[in-house]
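Numbering (my numbering), first residue to last: 1259 to 1516.
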DNA sequence: ATGGCTTGAGTGTCAAGA
């Protein structure tokens, strides 16, 4: 079974890239972030033709998350239980017996801003909700755009980014709190090339100069981490014309797919 | 350089991303 996450930065713009990528990478579940559309603009028909079910927590202009899957998604849940939030950032579903939680975590804009406070409250609320989710579904994967670079090795210029948004210590502590739930960073279960990132700024030739951050992650509960065989960042779509600024991340699990 | 690109909204430019 293969599971993946990709912040597409507008599904309408990126649909051709998405369909091409799915054809070349037939994963069993794909989490999307920043669909930036409501259901009426969501390409259910095109994805169905490509062999994928889709569940979507949509929002116009900003945010919006979806789970695509080959098998029928079950027990679909939206948002964070008990956390009042107008922003559509979470959708969860069970696919082939694996609980898939798709999250577009807040950016936070700047350390100390109102949005930063919201980010930290949001991260704490998600953590609380995952505690219960794990009780019910021990085989759980938390995939998405975390908007957190967990360590300095996930940052192209750790000195310039020190204590900045995406890299601040409270954000990194929140990431470690997810790990503290018993989740493992799938990417770090394996040897990886240094300077591996999942996002590059559109400006200043960020991708060509590999000025990036690793902020898109797949965290796996212990029963899944123990059967994880590989985790890769696929930079190919980032090289296309009009790319998303994020690359997909894929984890391969030694589990039967439907 | 509260900048640079990109998107969506909407037809002016601005908010937001990371």
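Glycine included, C-beta positions come from ideal geometry on N, C-alpha and C.
Assuming the contact rule is C-beta atoms closer than 8 Å, residue i and residue j should be a hit. Round their C-beta distance to whole Å, please.
i, j, result
"residue 1482", "residue 1394", "At roughly 15 Å, the Cβ-Cβ gap does not stay under 8 Å, so residue 1482 and residue 1394 are not in contact."
"residue 1387", "residue 1516", "With a Cβ gap of about 27 Å, residue 1387 and residue 1516 do not count as contacting."
"residue 1313", "residue 1331", "5 Å"
"residue 1442", "residue 1381", "So it is not a contact: roughly 18 Å between Cβ atoms."
"residue 1215", "residue 1378", "What the structure shows of the chain is the stretch from 1259 to 1516, and residue 1215 is not part of that stretch, so it cannot be assessed."
"residue 1485", "residue 1285", "Rounded, the Cβ-Cβ distance is 16 Å, inconsistent with contact."
Whose CA, out of the options, lies closest to the CA of residue i?
i, options, result
"residue 1324", "1383, 1303, 1263 and 1380", "1263"
"residue 1389", "1274, 1440 and 1495", "1440"
"residue 1391", "1420, 1351 and 1424", "1351"
"residue 1514", "1287, 1379 and 1361", "1287"
"residue 1296", "1318, 1511 and 1425", "1318"
"residue 1334", "1311, 1372, 1341 and 1363", "1311"
"residue 1365", "1355, 1265 and 1490", "1265"
"residue 1359", "1478, 1283 and 1417", "1478"
"residue 1363", "1272, 1436 and 1269", "1436"
"residue 1315", "1302, 1373 and 1306", "1302"
"residue 1321", "1346, 1446 and 1383", "1346"
"residue 1304", "1338, 1332 and 1269", "1269"
"residue 1456", "1502, 1377 and 1299", "1502"
"residue 1357", "1449, 1382, 1343 and 1476", "1476"
"residue 1272", "1506, 1511, 1353 and 1512", "1506"
What does residue i pair with, by DSSP beta-bridge criteria?
i, result
"residue 1291", "1265 and 1323"
"residue 1336", "1349"
"residue 1504", "1457"
"residue 1441", "1479"
"residue 1406", "Residue 1406 pairs with nothing; no bridge assigned."
"residue 1399", "1358 and 1478"
"residue 1315", "1323"
"residue 1510", "1260 and 1488"
"residue 1413", "1471"
Over the uninterrupted alpha helix (DSSP H) stretch that includes residue i, give me the two end residues.
i, result
"residue 1375", "1372 to 1394"
"residue 1307", "1302 to 1307"
Within the continuous beta strand (DSSP E) that includes residue i, where are the two ends?
i, result
"residue 1356", "1356 to 1362"
"residue 1467", "Element bounds for residue 1467: n/a, residue is neither H nor E."
"residue 1488", "1486 to 1491"
The ligand ZN and residue i: does any heavy atom of the ligand fall closer than 7 Å to the residue's C-beta?
i, result
"residue 1331", "Absent from the structure shown: the ligand ZN. Ligands present: none."
| Would you call the segment 1283 to 1296 and the segment 1397 to 1408 touching, i.e. three or more CB-CB distances under 8 Å? | yes
| request: Inspect the CB distances between the segment 1461 to 1477 and the segment 1404 to 1424 and report whether three or more fall short of 8 Å. | output: yes
| query | Pairing CB atoms from the segment 1420 to 1439 with CB atoms from the segment 1487 to 1503, are three or more of them under 8 Å? | reply | no
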